[in-house]
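J.:
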DNA sequence: TTATAGATTGCCT
DNA sequence: GGCAATCTATAAT
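Numbering (the working numbering), first residue to last: 938 to 1145.
This is how it looks when you write it as C-alpha cells:
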C-alpha cells in the first residue's frame, strides 16, 4: 500500500474547496510518529468557502487564528472547539484567497492500537479489533480523529501537508471510491442548508 | 471588560 | 433524547 502511494501535491489543493473535498475521499491521511506510522482512509469531508459562506471561519476576514486559510494551498489548519476538541482542515485556493476542507471521519488502517490508546479506549480485548462499533469510536468524528492522531493546534497548525519532510501527509494509494453521497454540513447553524458535506456512500466509518 | 455562541463528544436520565 | 464540559473569538457593554 505505502510503497505504491503518491504524495498529494500543492496543485491538488489549489482548487475550489468543493472539488478538493470530493477528491479527498478515499485518500489516506498519514501521521509519521517516532515509533511508527498512523494511517486512516478519508471517508467524510466538508467544504468551507472563503466568500459568501457564513459558516466558514474565514467569513469575516483574516485573523491570527484563521490566517492559514488565507495562505497557500495544502497547509494544515487546526482549531480548538467547545473547549475540548481539535478539528483538522487543509487550506485550498491560492495564497491570498480563503478556503478549506474539514476532515470529519477516517477509517483506521495502520496503528490501530496506538490510535485506540490515544483515544482512551480499552485495547486489552482482542475481539475489539473485529468489533465495528468499537472501531468506529477511534476516528469517526472530527474531534475523535484528531485525538487518535494526536493533532493539536500548538503542534500542527501551519504545517505543509505536501512536503515530503512533513510528519502529516495525504497520499493516494490507488483506492477507488465507488459512489459519493453529498448532503448538508453537520453541526453548524449558519448556512446549514448548503450541500457541502461529502461521504463515501455506504462506508460504515462516516460520523453519522 | 463582560457575555455568548460555537465546524463536538460523552455521560446522564 | 438532553445537557454539561471548557477554551476561543467575536460581539456587546
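Note that beta-carbon positions come from the ideal geometry of N, C-alpha and C, so glycine has one too.
#1: Per DSSP, which residues does residue 1029 bridge with? Please list them.
#2: What's the gap between the Cα of residue 921 and the Cα of residue 1143?
#3: Residue 1011 and residue 947: beta carbons closer than 7 Å?
#4: Taking the beta strand (DSSP E) that residue 1039 falls in, what are its first and last residues?
#5: Give, in chain order, every unbroken run of the beta strand (DSSP E) that is at least 3 residues long and sits entirely within the region 965 to 1013.
#6: Taking the Cβ atom as the reference point for each residue, do residue 1038 and residue 957 lie within a distance shorter than 7 Å?
#7: Can you list, in chain order, the residues of its chain with a C-beta nearer than 6 Å to that of residue 1007? Leave out the 5 residues immediately preceding and following it.
#8: Do residue 1114 and residue 963 count as a contact pair if the criterion is CB distance below 7 Å?
#9: How far does the alpha helix (DSSP H) with residue 1070 in it reach, from first residue to last?
#10: Evaluate residue 1049 with the Cβ neighbour count: other Cβ atoms within 10 Å of its Cβ, from every protein chain shown; 16 or more gives buried, anything less gives exposed.
#11: Would you say the region 1068 to 1085 touches the region 1099 to 1119, given that touching needs at least three Cβ pairs under 8 Å?
#12: In whole angstroms, what is the alpha-carbon distance linking residue 1135 and residue 1004?
#13: Hey, residue 977 and residue 1046 are a contact pair by Cβ (cut 8 Å); roughly how many whole angstroms apart?
#14: Excluding sequence positions up to five away, which residues of its chain have a Cβ less than 6 Å from the Cβ of residue 984?
#15: Where does the unbroken beta strand (DSSP E) through residue 1134 begin, and where does it stop?
#16: Pick helix, strand or coil for residue 1091, following the three-state DSSP scheme.
#17: Compute the beta-carbon to beta-carbon distance between residue 961 and residue 943, rounded to the nearest angstrom, for a pair I have assumed lies under 8 Å.
T.: Concretely, from the data shown:
#1: The partner list for residue 1029 (beta bridge, DSSP) is empty, contrary to what the question assumes.
#2: Examination of residue 921 is not possible in this model, given that the chain is present from 938 through 1145 alone.
#3: yes
#4: 1036 to 1047
#5: 965 to 970 and 973 to 986
#6: yes
#7: 999 and 1035
#8: yes
#9: 1069 to 1076
#10: buried
#11: no
#12: 25 Å
#13: 6 Å
#14: 954, 955, 958, 1038 and 1133
#15: 1134 to 1137
#16: helix
#17: With 8 Å as the limit, residue 961 and residue 943 do not qualify as a contact, their Cβ atoms being about 14 Å apart.
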